[in-house]
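Residue numbers (the working numbering): 873 to 1267.
All C-beta atoms, glycine included, are put in the ideal place defined by N, C-alpha and C.
Keep in mind the model is a prediction, meaning the values are calculated, not measured.
First comes the structure, then the notes that go with it.
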Ligand SMILES: *[C@@H]1O[C@H](CO)[C@@H](O)[C@H](O)[C@H]1NC(C)=O
Ligand SMILES: *[C@@H]1O[C@H](CO)[C@@H](O)[C@H](O)[C@H]1NC(C)=O
Ligand SMILES: *[C@@H]1O[C@H](CO)[C@@H](O)[C@H](O)[C@H]1NC(C)=O
Ligand SMILES: *[C@@H]1O[C@H](CO)[C@@H](O)[C@H](O)[C@H]1NC(C)=O
Ligand SMILES: *[C@@H]1O[C@H](CO)[C@@H](O)[C@H](O)[C@H]1NC(C)=O
Ligand SMILES: *[C@@H]1O[C@H](CO)[C@@H](O)[C@H](O)[C@H]1NC(C)=O
Ligand SMILES: *[C@@H]1O[C@H](CO)[C@@H](O)[C@H](O)[C@H]1NC(C)=O
Ligand SMILES: *[C@@H]1O[C@H](CO)[C@@H](O)[C@H](O)[C@H]1NC(C)=O
Ligand SMILES: *[C@@H]1O[C@H](CO)[C@@H](O)[C@H](O)[C@H]1NC(C)=O
């Protein structure tokens, strides 16, 4: 992303001044000089300030590097003017950043790079407002040791890092985005996270979180995207979710949530994505066609005690693929939900009709019967011929 360059001046003469030769040498030693004769400052991966008489680097992306690239403390030290540094697909060995660089960085990204990091290593980036670490293992006692001292943090991604421990109990009030998905975080979701009034994005999916969803989740009034999927959360969907006016994306799939699906969800005007599948919800789905058609994604399958009211939902084409059964007059599923991959014995009492999976299965069964018939017919003919030949030889 193009870094903001507050110092870059409107006069073009200034931005044509040369890059600080010390920084040029540092880039050279890191194998990062563009092969063409262009100034490194005009490369898309490098941004410079508009300083005079020499320009300095403010942003650098090191990507797709070869194994022979090695970070040196001297080179990094002369690059301490950087406020933004990103490694993408660079599985080289990390080294300790000089404190001048570590303290100057406002944005740091490490995506499938630097082999292995520690919480202590990351915690030295005290002035970052944006931290992105993904697809690299981070050895730490928990996220707190990494984030605790980052006083300006606004956006954090620590995803696919095999990070262990529990969620922090203290958060910086200005956080707008928290993605700690696909780690090994355990324990419950702390109530303190619901104090984050500016948070618009929270992704805790793919961990081992248990306990219930905090009842005060509705306090996070800016929340737009919420994913708590693939954990071990239990209990009901809190009523306060109704107080999240901006919510567009709600993914609670693959947990052990129970209770009924709350009516208020259908009144959430901005909702576009709703995934409640693979839980223990029961009762009648409180939605009609109008609501379901408005959503881009709607999933409620694999909730064995959940069913839908056929007179309220009959005509929706999406319903056929919901993976739940219609209700009987007591609000219970009339039959086991259509199993997705069951190959045989699909003689369920489901009269919902139009289930394309079942149609395909029946067609499939029909085809194999035809094949069997042809095979039997052919072998009878062969047998008859052999029999006739034998008969003619005998006589
Ligand atoms: C890095 O490699 C990926 C995939 O091979 C490619 O799409 C991308 O453009 C490369 N980036 C740079 C800066 O060379
Ligand atoms: C963070 O930035 C402030 C002000 O820019 C600076 O005084 C401080 O030394 C920096 N912190 C670190 C750890 O370098
Ligand atoms: C996380 O751990 C698993 C199993 O130990 C391993 O296969 C995987 O590569 C690790 N992920 C990272 C990003 O190191
Ligand atoms: C949060 O942001 C506001 C305004 O952007 C700022 O005044 C305040 O100091 C910040 N708080 C913290 C704890 O960084
Ligand atoms: C949450 O993270 C998972 C895995 O990293 C990703 O697949 C999913 O799209 C994210 N969801 C949201 C709402 O950001
Ligand atoms: C938030 O949710 C919307 C609607 O599903 C989606 O289009 C968008 O990509 C999500 N944003 C992020 C950062 O995951
Ligand atoms: C939901 O599960 C909790 C335990 O996880 C249980 O105490 C509660 O009775 C269940 N509620 C319903 C309505 O099944
Ligand atoms: C669907 O439900 C909404 C809200 O509950 C209601 O306003 C709307 O009239 C219903 N639409 C139909 C076709 O029943
Ligand atoms: C199903 O929907 C119809 C029409 O919307 C309604 O009259 C009926 O009471 C509903 N049945 C149940 C069990 O909720």
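When the Cα atoms are used, what is the spatial distance from residue 1055 to residue 923?
42 Å
Rounding to the nearest angstrom, what Cα-Cα distance links residue 1256 and residue 1264 in this structure?
12 Å
Kindly examine ligand 1 and report whether one of its heavy atoms sits closer than 7 Å to the Cβ of residue 935.
yes
Could you check whether residue 1128 and residue 1106 sit closer than 8 Å to each other, using their CB atoms as the reference points?
yes
Reference residue 1051; option with closest CA among 1101, 1093 and 1083
1101
In the DSSP assignment, what residue or residues form a beta bridge with residue 1199?
1205
For residue 1193, does the three-state DSSP call read helix, strand or coil?
helix
Distance CB(residue 959)-CB(residue 996) smaller than 8 Å:
no
Taking the DSSP output, what are the residues bridged to residue 1123?
1099 and 1147
Could you tell me the alpha carbon to alpha carbon distance between residue 1180 and residue 1164, rounded to whole angstroms?
12 Å
Can you determine whether any heavy atom of ligand 7 sits closer than 7 Å to the C-beta of residue 1135, and answer yes or no?
no
Give the DSSP-derived three-state secondary structure of residue 927 in the structure shown.
strand
Quick one: does the C-beta of residue 1163 sit closer than 7 Å to a heavy atom of ligand 8?
yes
Backbone CA spacing between residue 1103 and residue 1252 [nearest angstrom]
59 Å
Would residue 891 and residue 926 be called neighbours here (beta carbons separated by less than 8 Å)?
yes
Pick from 964, 1020, 1146 and 1083: whose alpha carbon is nearest that of residue 988?
964
Relative to ligand 8, is the shortest distance from any of its heavy atoms to the C-beta of residue 1160 smaller than 7 Å?
yes
Mapping DSSP to helix, strand and coil, what is residue 949?
helix
Cβ-based neighbour list, residue 1196, same chain, cut-off 8 Å, excluding 5 preceding and 5 following
1157, 1172, 1173, 1175, 1178, 1179, 1180, 1205 and 1209
Less than 8 Å between the C-beta atoms of residue 1148 and residue 1124, yes or no?
yes
Integer Cβ distance of residue 1110 from residue 1085, believed to fall under 8 Å:
5 Å
Could you tell me whether the Cβ atoms of residue 1010 and residue 986 are closer together than 8 Å?
no
Let me make sure I understand the geometry here. Which of 1115, 1182, 1020 and 993 has the alpha-carbon closest to that of residue 1090?
1115
Among 1001, 1079, 1066 and 914, which residue has its Cα nearest to the Cα of residue 1059?
1079
Under 7 Å Cβ to Cβ from residue 1046, same chain only, skipping five residues before and after it: list those, please.
1026 and 1070
Please list, in chain order, all residues of the same chain as residue 940 whose beta carbon is under 8 Å from its beta carbon, the five residues on each side excluded.
903
For residue 1146, tell me which candidate among 1120, 1134, 1126 and 1154 has the shortest Cα-Cα distance.
1120
Could you check the C-alpha separation between residue 938 and residue 961 for me, to the nearest Å?
9 Å
Report yes if the C-beta of residue 961 is less than 7 Å from at least one heavy atom of ligand 1; otherwise report no.
yes
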